[in-house]
Structure formats: structure tokens, C-alpha cells
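Enquirer: In this note's numbering, the protein residues as written are 23 to 460. Quick reminder that beta carbons are idealized off the backbone N, C-alpha and C, glycines included. Predicted model, so just to flag it, every value in this text is computed and none were measured.
(1) Please work out which residues of its chain come closer than 6 angstroms, Cβ to Cβ, to residue 232, disregarding the five sequence neighbours upstream and downstream, and give them in chain order.
(2) Please work out which residues of its chain come closer than 7 angstroms, Cβ to Cβ, to residue 241, disregarding the five sequence neighbours upstream and downstream, and give them in chain order.
(3) Note down the Cα distance separating residue 406 from residue 377, rounded to an integer number of angstroms.
(4) Quick check on the DSSP output: the beta strand (DSSP E) that includes residue 223 runs from which residue to which?
(5) Using only the alpha-carbon positions, how far apart do residue 237 and residue 342 sit?
(6) Quick check on the burial criterion: 16 or more other C-beta atoms within 10 angstroms. Buried or exposed for residue 259?
(7) Helix, strand or coil for residue 355 per DSSP?
(8) Nearest to residue 226 by alpha carbon, out of 234, 322, 203 and 214?
(9) Return the CA-CA distance between residue 14 and residue 299, expressed in angstroms with no decimal places.
(10) Between the alpha carbons of residue 46 and residue 62, how many angstroms are there, rounded?
(11) Residue 385 lies in the alpha helix (DSSP H); which residues open and close that run?
(12) Any idea which residues DSSP pairs residue 41 with across the strands?
(13) By Cβ distance, which residues of its chain are closer than 8 angstroms to residue 230, with the 5 residues on each side in sequence left out?
(14) Among all the DSSP beta bridges, which residues are the ones paired with residue 282?
(15) Can you check DSSP and say which residues form a bridge with residue 85?
(16) Let me confirm a value: residue 73 is counted as buried when at least 16 other C-beta atoms fall within 10 Å, else exposed. Which label applies?
(17) Within its chain, find whatever has a CB closer than 8 angstroms to the CB of residue 211; leave out the 5 residues flanking it on each side and keep chain order.
(18) Using the rule of at least 16 other Cβ atoms within 10 Å of the residue's Cβ for burial, across every protein chain shown, is residue 53 buried or exposed?
(19) Is it the case that the Cβ atoms of residue 479 and residue 363 are separated by a distance below 8 angstroms?
(20) Counting pairs of beta carbons, one from the segment 150-157 and one from the segment 110-129, are three or more of them closer than 8 angstroms?
(21) By the DSSP assignment, the beta strand (DSSP E) with residue 125 in it spans what residues?
(22) Just the Cα atoms here: how many angstroms apart are residue 295 and residue 336?
(23) Starting from residue 204 and walking both ways along the beta strand (DSSP E), at which residues does that stretch end?
(24) Suppose only complete runs of 3+ residues qualify. What are the beta strand (DSSP E) ranges in the segment 141-168, listed by chain order?
(25) For residue 461, which option in 146, 386 and 273 has the closest C-alpha, if you only look at C-alpha atoms?
(26) Quick check: the segment 106-123 against the segment 70-84, are at least 3 beta-carbon pairs closer than 8 angstroms?
(27) Between which two residues does the beta strand (DSSP E) harbouring residue 94 extend?
(28) Relative to the C-alpha of residue 96, which candidate in 171, 414, 275 and 35 has its C-alpha closest?
(29) Assuming residue 75 and residue 40 form a contact by the criterion Cβ under 8 angstroms, report the distance between their Cβ atoms to the nearest whole angstrom.
(30) Between the C-alpha atoms of residue 246 and residue 56, what's the straight-line distance to the nearest angstrom?
(31) How many Å lie between residue 286 and residue 400 at the Cα?
(32) Quick one: give me the first and last residue of the alpha helix (DSSP H) that residue 476 is part of.
(33) Measure the C-alpha to C-alpha separation of residue 333 and residue 289 and round it to an integer number of angstroms.
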């Protein structure tokens, strides 16, 4: 596992590292090989404006998890991770910005991936504040991955890197040159015992302990004055491919990639067509087989045009499919939010007494009303709601009574936007069916 995304050939390298936490900032300047505290990015910009910066999120400012993913393209893996967000992190995919690094660790369950996540609002604020301060951010990463560079420099594939942290003592477990676990403990804690506990959380026995950044331990196996923050700069050129970006930046990059492939396809097709025409003209000038060669060249050109039109049709279909998927999943809604929405649209004179919902299917609300006009009003309110579609009255009876008072019994169904399933979530062994409320 390397430390940061490698710079593009001829591109800038970072000359400043900033550790960002709720308690303040620590800035490492590789030119002076020194660190100093700051209160905010505006103050940093006043001193170091114009520098190329790596922003390192403190251990309590970022989530770092490991999971197994299938062998697939980066775009497919990102989609899979977005669907697993609820299992990996305490916040949903709309609230988090993520990035991941796929390792060489492969078993029957898939390939090991290191996944980092940060609240989108926090990441947006950091990047906007840095830009306003005149700092040019090359990457935003967890500070803990700097421990991997420290382990590599000490030729330790497996080790616990213990270093200073603004919020206490940082403990990072490196296993097979990959960051597997990271946490912060109070400065007053028994650090050696906490290291063994962190090894246990990572699922491995207690092993080598490296005291970094001047941390004093009773009996470390190795020690170094390097800090994870400084190691992010020193290890930058090795590259990791991990950089926390805003969702809109990722979408723009993916769109630019698709546009580039599209342009390449058109250029290749045009080049092929031009080549065929050139070959045809060359063969026509040969003399004795003019007619035959013209016919063959024309057929080749026609075939090329047909293939080009077919590719254009396939591209149109793919674009329409992408639009359809976007409409199906946006906005994403929890079933509980849909139930609250339908309950909040109830007019006076209606009482709901049942709600049925399943992932990928319409939701149904049952109730009673004093009058049929109240039911009509409820239907109009649901039909006008942009988060619902296909609102239908699926049951209606005016013959009911409650304590001698005539009432209307009704049942309404609607399909929530974003309530579309890609696969049967209950096909796995041991999964339970959805519960219907009564």
C-alpha cells in the first residue's frame, strides 16, 4: 500500500502537508522539515499561500474500513460500495464522499479493498476553505496511510505504528503493507495494551510495535522520528490511488472519460473509412481489375458506414439506459421516509390504519374516511407529490360503519421514486422477508 496518488508526469508534487482535525490544524513543511499548529486554513494560507497541499484527515475525522469486492472495473466497484454503504459506515451514501484502493489480496470472497469515507459537507467545506486561502489541494486522504510509508521505510510489512495525534495517541495497524486498522486512544492510556487490543480488532495476534514521531514507549521493537504526516509527503511519488473527492467532481471526471471514449470511437471509425477509400482509389488506379476493386471498396465502405451507424445506435441506447437508471434511483428514499410522507398528506376526516411496503414494489396505505370527498382530496395530494408516481385507488367501500356512523373504507397504492431493487435481497441464505404492517 502506497501513500498518495502519484502525480501526473510533469505535474506538481506537494510541498506542504496539513493534518485537519476538530481541535485545529498541524502543518508540516518539508522545506524546513518542521511542524507547527494553526487554528484554521485561512491562517495557513496567509503563511503558505500558493503551495501544493496534501490535506490529511485526522483519525476521528474520517472513516477507514476494509471489505471484499469482486474483480471488476473501478466504476463497477464504486457502485457496489455505494450499495454497501449502510453496512460499512454509520451514514448513508448521500451523506458521505468515498474513495477506495483495491489491493492484491485475493481469496474466494473477492479482492480486499481499503475504503475511506468522510461526510460530504465536511469535505466540501475543507476544499472550499483551502481554495479561498490560496492553497492548491492535490489530495485529501486519511493521515493514517502515512504510517504505511513509515513501515515501508523500516522494511516492516506487518507492524503497529504508534504516533502523536492532536486528539491523543494514534495507533495504525499495517498488515502485508496495507492499512488494516486505525484508532486514537487517550494520551493517558496504557499504550502497549491498547496496541494489542487494536491488533485483536484487526483479527491478528499482537506483533511488532514502532514508536514514531518521538512517542516514548516502554519497550518498542523499533523507533523513528518520522511522523505519518511527514511520511505522506515523502511517500507521495509511490502513489496509492486514494483521494477523497466531492461526488460532483467524480461525476464530471467519469463524464469526461465517457466523452473521450466516444470521440475516440468516432475518430477511429472515420480513420477506417478514410483508409478504405484510399485503398479503393489506389486499387482503381491499378488498371486491369478496376471494376472488381471498385465494387469491393464500395462494399467495404458501406459495411464501415453500417457499423458506424450501429455503434451510434448502441451509444444512444446506452445513454437512454443511463438516464433511466438515474431517474429510477434519484432521489433515493428509505421506506420509513415514504411512510411519513404518505401520513403527512392525510387530510382532515381520514385515518390510516395500515401500511405495506417492500423494496422494489409499490407501497399501499389503508384507512377509513368520513366521506368519499376526503378520499378524493387525499388522492389529489398524493398525485401531486413528485416523490411518488402511479398513485392508484385500489380499494373502496362505502358500506362500512363504526359505532353506527357510516364510513368509507379505502386502499391507495403508489410507487416511491428511488424504490427500485437491482437484485432480490432475500435470495441469500438466512435472509428474512419484509414485514408488512397491519
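Expert: Put simply:
(1) So the list reads 181, 183 and 244, once near-sequence residues are dropped.
(2) Closer than 7 angstroms at the Cβ level, and outside the excluded window around residue 241, lies no residue.
(3) Note on geometry: alpha-carbon atoms of residue 406 and residue 377 lie some 20 angstroms from one another.
(4) It is not in any beta strand (DSSP E) - residue 223 instead sits in the alpha helix (DSSP H) that spans 213-223.
(5) If you draw a straight line from the Cα of residue 237 to the Cα of residue 342, it comes to about 58 angstroms.
(6) Here the model assigns residue 259 a pLDDT of 43, short of 50, so the residue's position is not dependable and the matter cannot be decided.
(7) For residue 355, the secondary structure class from DSSP, reduced to helix, strand or coil, is coil.
(8) With distances taken between Cα atoms, residue 226 lies closest to 203.
(9) This structure does not reach residue 14, given that the chain is present from 23 up to 460, and the question cannot be answered.
(10) Cα-Cα distance, rounded: 7 angstroms.
(11) Annotation for residue 385: no alpha helix (DSSP H) segment contains it, though the beta strand (DSSP E) segment containing it runs 385-391.
(12) For residue 41, which the question treats as bridged, DSSP gives the partners 48 and 78.
(13) Here residue 230 has 178, 180, 181, 182, 243 and 244 as same chain residues with Cβ atoms under 8 angstroms from its own Cβ, once five neighbours each way along the sequence are excluded.
(14) In the DSSP output, where bridge partners are listed per residue, residue 282 has none listed.
(15) By DSSP's assignment, residue 85 forms a beta bridge with 139.
(16) By the neighbour-count criterion, in which 16 or more other beta carbons inside 10 Å mark a residue as buried, residue 73 falls on the buried side.
(17) Non-local C-beta neighbours of residue 211 in its own chain, meaning closer than 8 angstroms and more than five positions away in sequence, comprise 190 and 191, ordered along the chain.
(18) So residue 53 ends up on the exposed side.
(19) In the structure as shown, the chain begins at 23 and stops at 460. Residue 479 is therefore absent and cannot be evaluated.
(20) Flag = no, the segment 150-157 and the segment 110-129 do not touch.
(21) In the DSSP annotation of this structure, the continuous segment of the beta strand (DSSP E) that includes residue 125 starts and ends at 118-129.
(22) Residue 295 and residue 336: Cα-Cα distance of roughly 19 angstroms.
(23) Where residue 204 is concerned, the enclosing beta strand (DSSP E) stretches over 200-207.
(24) Qualifying beta strand (DSSP E) stretches, in chain order: 158-164.
(25) Any property of residue 461 remains undetermined from this structure, which presents the chain solely from 23 to 460.
(26) Taking 8 angstroms as the limit for Cβ pairs, the verdict is that the segment 106-123 does not touch the segment 70-84.
(27) Residue 94 -> no beta strand (DSSP E), and no H or E assigned at all.
(28) If we check each option's Cα against that of residue 96, 275 comes out closest.
(29) With 8 angstroms as the limit, residue 75 and residue 40 qualify as a contact, their Cβ atoms being about 6 angstroms apart.
(30) The C-alpha of residue 246 lies about 15 angstroms from the C-alpha of residue 56.
(31) Answer to the nearest angstrom: the Cα atoms are 53 angstroms apart.
(32) No information on residue 476 is available, as it lies outside the stretch 23 to 460 that the chain covers here.
(33) Residue 333 and residue 289: Cα-Cα distance of roughly 13 angstroms.
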